[in-house]
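A.B. asks:
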Amino acid sequence: MTMLDFSFYVTTPRLAITYFNPTKESHIDFTFEMYKDYTKVDENGNIEHIMPGRAAAIELIEARVTEIESTGYGRYCVSVLAPPSGPDDDTANRVQNATPVGLVGLNLRGPGTPPLPDIGINLLPSARGKGYALEAMKGLSDYYDREKGVTELLGYCDDDNTASKKVLRRAGFELLGERNIWVSQKSPAQVVTGEQPKSVLVWTRGLEKDPKDYGL
Ligand SMILES: CC(C)(COP(=O)(O)OP(=O)(O)OC[C@H]1O[C@@H](n2cnc3c(N)ncnc32)[C@H](O)[C@@H]1OP(=O)(O)O)[C@@H](O)C(=O)NCCC(=O)NCCS
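For the sequence shown, my numbering gives the first residue as 1, with consecutive numbering after it.
#1: Measuring straight from C-alpha to C-alpha, what distance separates residue 52 and residue 33?
#2: Out of 4, 138, 181, state which residue places its alpha-carbon closest to the alpha-carbon of residue 63.
#3: Can you give me the C-alpha to C-alpha distance between residue 141 and residue 151, rounded to a whole angstrom?
#4: Throw me the rounded Cβ distance for the residue 102 and residue 121 pair, which I believe falls under 8 Å.
#5: Can you give the Cα-Cα distance for residue 95 and residue 60, rounded to whole angstroms?
#6: So the candidates are 153, 127, 172, 179; which of them puts its Cα closest to the Cα of residue 209?
#7: Tell me, please, which residues DSSP counts as bridged to residue 179.
#8: Within 7 Å: the Cβ of residue 107 and any heavy atom of ligand 1?
#9: Let me know the secondary structure DSSP gives residue 167 once reduced to three states.
#10: Please tell me whether residue 73 and residue 114 are closer than 8 Å, where the distance is taken between their beta carbons.
#11: Kindly give me the distance between the Cβ atoms of residue 98 and residue 81, rounded to whole angstroms, as I take these residues to be in contact under 8 Å.
#12: Tell me the rounded alpha-carbon separation between residue 24 and residue 78.
#13: Could you pull out every unbroken beta strand (DSSP E) segment of at least 3 residues lying fully inside the segment 2-27, listed in chain order?
#14: At a cut-off of 7 Å, would you count residue 80 as near ligand 1, judging by its Cβ distance to the nearest heavy atom?
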């Protein structure tokens with residue numbers, strides 16, 4: 001297990017990709033904002049908020065840190081770079097002051113799912129429609145290619161998610177078809193029991209073998 005270095009970042013022309021930091025106020029605020037309206041149904045059929053407050057946001061960020069530390073895969077924070085404050089403003093400073101707007105991840109889903117990471121992206125509604133999704137996906141996948149030699153990727157999306165389909169295609173993914181995948185498994189560290197595989201569109205990029213060899 002490698003401890004994360006929170007000074008790590010990757011930049012694209014407009015964005016910074018960093019680890020989520022449980023001690024950084026802007027990351028806690030963002031995580032709360034992102035999920036504050038998300039609900040789930042509990043075992044008694046009651047609707048409950050998954051993000052009732054800041055403590056829950058910190059807990060989720062801590063789980064994300066552990067995920068990347070233990071598996072090398074997970075979800076990263078996407079922020080819009082602050083404009084340079086002057087001629088001497090360095091990139092590290094602009095990253096430090098960047099505004100979180102979403103997350104991008106390469107995720108392994110755990111038992112019963114294909115053994116390749118799938119790329120995922122989620123932006124705050126106010127940050128959509130500006131091409132940030134493609135930029136963030138490229139930034140993260142280039143980093144995994146360059147630093148970790150990871151080039152075989154999947155993408156999962158719902159058939160009615162037009163924006164996601166366009167972005168995956170533009171990022172160089174090819175549509176394989178509809179498959180039943182255990183997408184509810186968030187990660188190897190967070191295996192969900194009692195859920196069913198779901199029918200999703202599967203996209204692939206850079207596969208070296210036949211999709212069937214990966215259970216697809
Ligand atoms: C999917 C998502 C990441 C796209 O990010 P984005 O940065 O807004 O993407 P872009 O700005 O490059 O837009 C992508 C394209 O989708 C189109 N689009 C956006 N929302 C749309 C909608 N609701 N219906 C149809 N087309 C839509 C855009 O017009 C654009 O097409 P164009 O370039 O031909 O005009 C973003 O919408 C999002 O976070 N959605 C919620 C989470 C999600 O669904 N994630 C994907 C799960 S697999």
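Virtual Cβ for every residue (Gly too), placed ideally from N, Cα, C.
C.D. replies: Here's the rundown:
#1: 11 Å
#2: 4
#3: 8 Å
#4: 7 Å
#5: 22 Å
#6: 153
#7: 200
#8: no
#9: helix
#10: no
#11: 5 Å
#12: 14 Å
#13: 15-18
#14: no
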